[in-house]
């Protein structure tokens, strides 16, 4: 699995220049500026374009008055999260390349609909035969499939009978699926129908965009130790880590 952030919400050049003409102290806090603008627009007599220039000193220039870490902007966002006024965090979006995940994970992931957009690699248009450009389908093997013995099943080797392991069963199933797909394609069956024999373990790639509110909700449901399957819990951590890299102030809200 690989997760790479492609893009995230930032100030436009015109608005950044507008701020620079009036105030330069807060230009390193772009994500928070956007969040603050949305939050304070709900409660302030100032116009949205004026929030940072007229209220920025108070929120970014003063320590948090709730006794917690950070600035008054951090305190305000904590208050908003606590009060569940989370629509104000929907203005921050993040776009990710999510690569080499299973179709099983994709099925779980796309159950999260509100605040998410997906563009997934198609098994209809991408040919997955052994002789195609793809070289056949790759697969994601669950970590729980290992060398445990399958009772009552053995196979012959040059050195005598050998017990089947869970790994042997999985690997054989992948080979059989590829062989079946190749045979169907050679019989003239279109890829969109031959894909019916491909397993949940087959890999796929996708581009995913989600807003901050949706990502916080996703993480709370899919994080490790919360009953989620291993790979989607791994994805939840990877998404969180990518967001924190570009917006460090969000870390406390994930944790």
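In the numbering used here, the protein residues as written are 15 to 269.
By construction, the Cβ of each residue, glycine as well, lies at the ideal position given by its N, Cα and C atoms.
As the structure is a computational prediction, the values presented were derived from the model and not from experiment.
| query | result |
| --- | --- |
| Counted within 10 angstroms of its Cβ, other Cβ atoms place residue 116 as buried (16 or more) or exposed | buried |
| Contacts around residue 100, its chain only, beta-carbon distance under 8 Å, and the 5 residues preceding and following it disregarded | 94, 227 and 230 |
| Start-end ranges of the beta strand (DSSP E) lying completely within the segment 116-196, minimum 3 residues | 130-134, 163-171 and 174-179 |
| Beta-carbon spacing of residue 215, residue 140 below 9 Å | no |
| Coil, strand or helix - residue 237 by DSSP | coil |
| Assigned secondary structure, residue 77 (DSSP; H/G/I helix, E/B strand, else coil) | strand |
| Beta-carbon proximity check, residue 235 vs residue 254, cutoff 9 Å | no |
| Short Cβ contact (9 Å threshold) for residue 51 with residue 108 | no |
| Alpha-carbon to alpha-carbon, residue 261 and residue 34 | 20 Å |
| Inter-stretch contact (C-beta, 8 Å, three-pair minimum) for the segment 71-89 and the segment 113-127 | no |
| Coarse secondary structure for residue 109, derived from DSSP in three states | strand |
| Euclidean distance between Cα positions of residue 242 and residue 268 | 16 Å |
| Other residues of its chain near residue 173: CB distance less than 8 Å, five sequence neighbours each side excluded | none |
| With 16 other Cβ atoms within 10 Å as the buried cut-off, status of residue 128 | exposed |
| Proximity to residue 184 [Cα-Cα], best of 217, 159 and 200 | 159 |
| Terminal residues of the alpha helix (DSSP H) in which residue 243 lies | Counting along the chain, residue 243 falls outside any alpha helix (DSSP H), and DSSP gives it neither H nor E. |
| Buried versus exposed, by CB contacts within 10 Å (16 or more), residue 20 | exposed |
| Residue 17 - containing beta strand (DSSP E), residue span | 16-22 |
| Of the listed residues 97, 213 and 48, nearest to residue 74 (C-alpha basis) | 48 |
| Local Cβ density within 10 Å of residue 265, reported as buried at 16 or more and exposed below that | exposed |
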